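These notes are about the structure you will find just below.
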Amino acid sequence: MDLDTLTLFHMGKKRLDWAAQREQVLATNVANADTPDFRPSDLRPLDFKRLVREQASAALIAQNAWAVETHPAHNPGTIPERGPFRADTVRKAYEESPSGNAVVLEDQTLKIAESRGQYELATTLLQKNLRLLRAAIGKNGG
């Protein structure tokens, strides 16, 4: 059984993917802490509402229950954009070195710790839900 077809597991996987990609972006920032004129980047926060909308849209499309335009006066609606997580570069830094580098190591360390905590939370939630699923189908849920 592909657990990615279950909404909860798919959303958990998205959260894990986001946290992993954020770790890469933040690691790049730390690695370039001494590079002249380097501007740090960070991922946009994962939008839970958008994630739920995407899941609902995918479910409706799979069931062929998507709304269609039946009258010219009806609005066609929109499908949320899909794609990889987007990284934004910091434009205005509150601290900058004489070489023009805007990486603040303390700030990056806090973001890395926050990202790790979110990754661990998502992992724990997925493990607990997997145990519940196993218990529901009669396998060893313990």
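Per the numbering used here, residue 1122 is the first one in the sequence shown, and the count goes up by one each step. For every residue, glycine included, the Cβ atom is placed at its ideal position computed from N, Cα and C. As the structure is a prediction and not an experimental result, all values here were calculated from the model.
Are the CB atoms of residue i and residue j nearer to each other than 7 Å?
i       : j       : result
Arg1143 : Ala1223 : no
Ala1154 : Leu1231 : no
Gln1229 : Leu1147 : yes
Near residue i, which residues of its chain fall below 7 Å by C-beta distance, leaving aside the five closest residues on each side in sequence?
i       : result
Gly1221 : Pro1157, Asp1158
Phe1169 : none
Leu1172 : Met1132, Lys1135
Who are the Cβ neighbours of residue i in its own chain at under 8 Å, not counting the five residues just before and after it?
i       : result
Leu1167 : Lys1135, Arg1136, Trp1139, Phe1206
Asn1250 : Leu1129, Phe1130, Gly1133
Is residue i helix, strand or coil by DSSP?
i       : result
Leu1242 : helix
Ala1186 : In this predicted model, Ala1186 has a pLDDT of only 49, less than 50, meaning its place in the structure is not dependable; the value taken from the coordinates is given anyway. Reduced to three states, the DSSP call for Ala1186 is coil.
Thr1156 : coil
Asp1168 : coil
Asp1163 : strand
Asp1123 : coil
Pro1201 : Here the model assigns Pro1201 a pLDDT of 39, short of 50, so the residue's position is not dependable and the matter cannot be decided.
I think residue i touches residue j, with their Cβ atoms under 8 Å apart; what is that distance to the nearest whole Å?
i       : j       : result
Phe1130 : Leu1242 : That belief does not hold up - the Cβ atoms of Phe1130 and Leu1242 are roughly 15 Å apart, past 8 Å.
By Cβ distance, which residues of its chain are closer than 6 Å to residue i, with the 5 residues on each side in sequence left out?
i       : result
Thr1245 : none
Ala1234 : none
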